[in-house]
Structure formats: structure tokens, C-alpha cells
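Below: the structure, in C-alpha cells.
Numbering (the working numbering), first residue to last: 8 to 745.
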């Protein structure tokens, strides 16, 4: 607690963050908050003249910071300019918008499409141009049926694009990534899709301002060109990630290996990059005997340049601010406190953009650096300092290795719940992987800087350095993929929500700050936190649950009964880029705590119903499969089902499943092609799941049993993406089309 009293900037940023959280959740009138801020300022001014009270002073300061956080978050989250593109409605069906804007970074392109962020300046409406502002994600697709060439687009180009403007898609299913929310945190509210290069017109170039157009962007192109000219494959993409923060050229398989082995942080530009920039600048300036004050000013300028050069991600902004503060403190001969420097850097970032508090990069960066120091301070006396009591020949090397191990472990402890929440995986092998890879990655980073700098003098020398680095990078990727492929290298976790993360950090802090004086009390608190954790993650209510998943252009319904039986009806679709089983259905089942599928029912053999079947059978326990009479599997589905020894039964019109208490499944109709119409009933609640027979306009079967009509259909789900209009006869029926 004594140490906490001496870190005012960290306490200040906590107060500011509390206000930001309140302001982000609740849309409080700005005028009211502004009046409260003014009142607090007046109270502070009056109090200072009449009397001084340190306790009251702190209360007023923290009240002001919390209120300011609320006010600032309200502006960021609930206020848009009148000309914001967020106000423009999505493009109507069969229409297009013509939008003018400036490309703000190097486009990411391949053979079929080009993708970049566009700073919009206007939108064409007839013969007029309306002034519009805002940033949008733009994707230009090549026309596959006509030969066409895209104009050579680059950062700073002003373009006229004709395409479809749309609001980004939100979370498709519970627990999935919310793309709309992610873009909103970066002040992006629309996406633009352009079909065909003929809808792209280059208006002018070099529109990004002098610094951006003539310094930042050329430097990016130069660094990228040097790397791509002498390197290839994932190695080139990996080095670009290390130096510039660009991760677009790293294959999805390699990124997945980075996550599984716990080294995804390597391709997030951060503190080590800043350290190398400072070393390079100070070394070069030292050779010319430049005075220390001028050297410091030039080094700070270089850090600002590199921060902008790499895209100003939260991790590099944090590291740059901390580097600048350390330089200023050293030049001014001031004593520094690590926690104060970290707190000040976070304070600066949040003052300018409160949305950063919710950005994954910001959260991971600060949890990692705080955990690294906080945990290291507690492990050091136990694991490292004790080595000083021994006289060993190689003690120095053992100590360096132990410091690296403890530092890695300390950082991993902090990011474990956060990375588990974002990636839904926790790497068990991460300590080993980091212990081996981090020193080599640091060496590759240093060589990469050398490779780019020497290219200014000699391309030949740069190519020799690149060849050596290619070998190092290849070894790293090989080792990372090897670690990721090992059994039990990681485990999946799907329930690390905000409550669990908070409980984790509370328990961690309580445990690591235990001493002899508070041992019993702290242990009791830790046990209490663990009990709350268990209570929060225990499902005490076993209710009937029906989930209609958004599985692309396919169908999938998941039924969970009170006695923990799981029934999956249809398996979604499959394309070259998307498999419903892999991307949607199995992750949803795991998030829901499902261990196996007790019954998998296929209501048809179309790809919109069976696309994810093969992946599900190969990667998730399935007890039995039911199909309609006449259902046909493809070759790969048959092989997967045989290999897993899964039983298949056929059902037809009039069949029923009633082995589960208060729960029945009625098979209403079976076409010669194997299509099924299904009625699911739990007590007096009914769900009608239609096959293509309903979608094609055939009359639905009204099922009766013993002359008694069945319970009403509370929910009707239609296939073929809602391509059917159902007459409800005045009934209160919810219709779900997907």
C-alpha cells in the first residue's frame, strides 16, 4: 500500500478510467456533466483561497477526473459530427454510391481484391458533391469475368469509388467477434464494397500532407520493398510484423500457430522496437559528438516518427511515451518511477481517445507491462536473488536465463485471462516457446533494422544480411509451429468473460501481496474470490434452450434440453473460405459447455444444410445421426462417419422422438429427396423447422394426434434464407429467416 501511495499518475488514470467506463455505458447529457465539471473547478478555486485539506483535495481531484472521464467518453461514444458518414444510410438494393476519399495507408492487395482504409471527403449526389467526413474500410474486388487492370493505388491517392456502402456486420452469434464494435472503437462506422476495377478512378496523388506524403509513406514503402526484395514467404511477413506492425502478409495458419504457442505478442510493435530505435539514434549521434540536449531532442523526434510509421498502435504509443519520459528524466537528472511512467502514458492516450480503454491492443499492452514488473518484483527475491548466495562457475549465465524465464512468466501471468478471452485459447507451452524464441526474435529485429538501414548504402550488403535473417526467421517459424502442434500445447477456453477476468486479477493481487501479517486474512479473501468464481461459472438453472445460429447461407438449430441433451438440426454451409462447422457451430457448442452432440438431424442433403457435417464429425463427438428417407451423403461425409463409427437412422413422416421428459420431436413431412419438416415441442412451447418443401410454396402439414391438434408454433424457422411468406392467420408467431 505504501508503494501505491507514491504513484499518483496510476491512481489518476484509474479514476479517469472509471469515469470513461461510466460514460461509455450510460448516455448522460453532456450539459449536465459540463455543469458538474464547472462546479468542481469553482469549488477547488474557492477552497484553495480559504483553507487547505489534503484529504478533501484528493477527493475533489478524483471527482474531477471521474467526471471528466464521463464527459470525454460521452463525446467519443455518443457524439458524431453533422457531416459524419455514419449518418449516410446504407446503399439501397440495386443502387450504388460514388464516394471521394484519400487512401490513408499502404493498400493490402492480392490477385482478386484490394483492401484499404479511406478518409472520405465527399459523396456524389447527382451533379453535386456533398461534404462528408469519416473513415471507411474499402474492399475492391476484381471482376472475374472480364480482363481488367487496377490503377496503381498507393497511400495518399485521392480516388472516386462507386460501390455499395454498408454498416459493418455485428456479432453473428453469441460469443463471436463483433466486427462492428471493433471498427467503432477505431471511429469507423461504414464499409464500402466496390465490384470491378472499372468503378475506380484515380483523381490525384500525394494528398496526405507534406509529412505523411513525403516522409512517412515513402519510408514505409522503402522498408516494405527492402524486406520483400530479399525475403519471401511467411518469413517476410513475420519481419514486417516485427518492424512495421503490418501483419497482413502472415498466413492464417501461421497466425494460429503464434496464438497456440503463446507468441502472438512478437508481431505487436512495442517496447523493444523503441529501445532499438533509441540505441541506433544515440549511437549514430554519439559518433558525431552531438551535445546531449540536441541528441535527446533528435531521439524524441525519431520516436514520434517511428510511432507514426508503425501505425500508432496502443503498444507502440505506450512504449514511445515511456521512452520519451525516460529520456527527459535522464536529461533533467530526475528520479523515475516505473508505475508513474506507465500511468502517465495511459493517461495521455485516454485523454485523447477514450475508446482505447476498450481496445484489445491497449488492454494486452498494459496488462503485460504491469504484470511483467509487478510479478517480477515478487518472484525476484525468491528465485533470482538467492543465487547470489552460491558460488558457481556459470552462475552469471544461469542468472541471465532465470531472469528471462521469470520475466516471461511474469508477463504471461498478466496476459493469460485477457488473451484467453480474445483468442479463446490458453497456451501451456508459451513459457518454453518464449524462452527460446524471444531472444532470437530480438536478434532478428535488430538485424531487420540493420537490413533496412544498410539498403540506403548498398543493396548487395542488405541482401547478405537478409539471407542470414531469413534463416533465423525460418527457424523461429519452424519452432513456433512445432510447439503449436504438440499435444496439450494449448487448451481452449470459452468462458473468460469480464467477471472472470476481474476475479482472476483480484485473486492474483491478493495472493502476490500476502505477507506474514495478513496471511490468514488474504488467504480467506482468495478462497472467497474462488468461491465467487465457481458460483459465477456454475449453471444452476437447467432450462430448455433453442438457438438459431447464423451459419452463413445455411441452416443450423441447436436444441439443449434440461437433462443436458444436445440436438443439432442441420450443419450450415461450406465454401472455399468458410465452413460453418469449423467457424460457427463447434465454437458455439464449446462456448455453451456442450461436450457432445447426442443427436444430429439433417433435414436435407443440400450444401446449406450439410456443409459443416464433415468437419463436425471429424472434430466433435457425435452419438447418432438422423436423416430423412432418401438422404444422400457425399463421399467425404461417408468416410468421416464410418471412421468415427457413428450410427445413422432414417425417419419419415409420422415418426416421433419422445424419450426425453416433456420433450418431443415430430417429423411432419418427408419428400422423396430426403427433406424433412420438423416440429420440436417442449411442454406447451412449439418450434416449426421447415425444409425446402415449405420454402417452395407447398402447404405445411397440420399434425394431429388422435384427432387433437398439436400446440401452437411459437417459432417458425424457414430455410433458404427466408425465401417464403407464411400466412399466420392472425396468430402471434415469431418468424426467423436466415
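Glycine included, every Cβ here is placed at the ideal spot set by N, Cα and C.
The structure displayed is predicted, hence computed values, not measured ones.
CB of residue i within 7 Å of CB of residue j, strictly
i, j, result
"residue 348", "residue 427", "no"
"residue 498", "residue 454", "no"
"residue 412", "residue 442", "yes"
"residue 20", "residue 350", "yes"
"residue 372", "residue 321", "yes"
"residue 354", "residue 380", "no"
"residue 641", "residue 619", "no"
"residue 665", "residue 671", "yes"
"residue 747", "residue 163", "Since the first residue shown for the chain is 8 and the last is 745, residue 747 is missing from the structure and cannot be characterised."
"residue 480", "residue 245", "yes"
"residue 352", "residue 385", "no"
"residue 143", "residue 129", "no"
"residue 92", "residue 127", "yes"
"residue 643", "residue 589", "no"
"residue 185", "residue 361", "no"
"residue 613", "residue 634", "no"
"residue 517", "residue 533", "yes"
"residue 566", "residue 558", "no"
"residue 24", "residue 510", "no"
"residue 249", "residue 452", "yes"
"residue 316", "residue 173", "no"
Alpha carbon of residue i to alpha carbon of residue j, nearest angstrom
i, j, result
"residue 147", "residue 46", "52 Å"
"residue 471", "residue 235", "14 Å"
"residue 650", "residue 177", "38 Å"
"residue 342", "residue 335", "11 Å"
"residue 300", "residue 338", "7 Å"
"residue 531", "residue 383", "24 Å"
"residue 709", "residue 693", "Only weak support is given to the placement of residue 709: the predicted model assigns it a pLDDT of 45, under 50, and the question is left unresolved by the model."
"residue 705", "residue 675", "With a pLDDT of 39 at residue 705, under the threshold of 50, the modelled position of this residue cannot be trusted; read the value that follows with caution. Roughly 13 Å separates the two Cα atoms."
"residue 537", "residue 75", "35 Å"
"residue 86", "residue 198", "20 Å"
"residue 654", "residue 574", "15 Å"
"residue 230", "residue 459", "6 Å"
"residue 631", "residue 603", "11 Å"
"residue 27", "residue 418", "26 Å"
"residue 30", "residue 40", "10 Å"
"residue 457", "residue 486", "24 Å"
"residue 610", "residue 595", "20 Å"
"residue 18", "residue 237", "48 Å"
"residue 562", "residue 439", "43 Å"
"residue 274", "residue 637", "52 Å"
Per-residue DSSP class, three states only, for residue i
i, result
"residue 644", "helix"
"residue 21", "helix"
"residue 211", "strand"
"residue 701", "In this predicted model, residue 701 has a pLDDT of only 47, less than 50, meaning its place in the structure is not dependable enough to derive any value."
"residue 660", "coil"
"residue 120", "strand"
"residue 258", "coil"
"residue 186", "helix"
"residue 156", "coil"
"residue 26", "helix"
"residue 401", "coil"
"residue 574", "strand"
"residue 458", "helix"
"residue 269", "coil"
Residue i, buried or exposed, once every other Cβ within 10 Å from all chains shown has been counted against 16
i, result
"residue 233", "buried"
"residue 48", "exposed"
"residue 605", "buried"
"residue 581", "buried"
"residue 359", "exposed"
"residue 738", "Interpretation of residue 738 is limited by its pLDDT of 49, a score under 50 that renders its predicted location unreliable; the figure taken from the coordinates is listed afterwards. Under this definition residue 738 is an exposed residue."
"residue 280", "buried"
"residue 33", "exposed"
"residue 550", "exposed"
"residue 272", "buried"
"residue 463", "exposed"
"residue 701", "Reliability of the predicted coordinates at residue 701 is poor, the pLDDT of 47 falling under 50, and the value obtained from them is presented with this limitation in mind. Result: buried."
Proximity test, Cβ basis, 7 Å: residue i and chain B
i, result
"residue 92", "Checking the listed chains, one finds no chain B in this structure; it contains a single protein chain."
Worksheet entry | the region 382-399 in contact with the region 211-223 per 3-pair CB rule at 8 Å | No: fewer than three Cβ pairs fall under 8 Å.
Item to complete: Could you tell me whether the region 252-265 touches the region 281-291, where touching means 3 or more Cβ pairs closer than 8 Å?
Response: The answer is no - the region 281-291 does not touch the region 252-265, with fewer than three Cβ pairs under 8 Å.
Practice prompt. Kindly confirm or deny that the region 307-316 and the region 290-297 touch, where touching means at least three C-beta pairs closer than 8 Å.
Written response: Contact between the region 307-316 and the region 290-297 is absent, because fewer than three Cβ pairs lie under 8 Å.
Worksheet item: Does the region 92-110 touch the region 161-175, meaning 3 or more C-beta pairs lie closer than 8 Å?
Response: Yes, the region 161-175 is in contact with the region 92-110.
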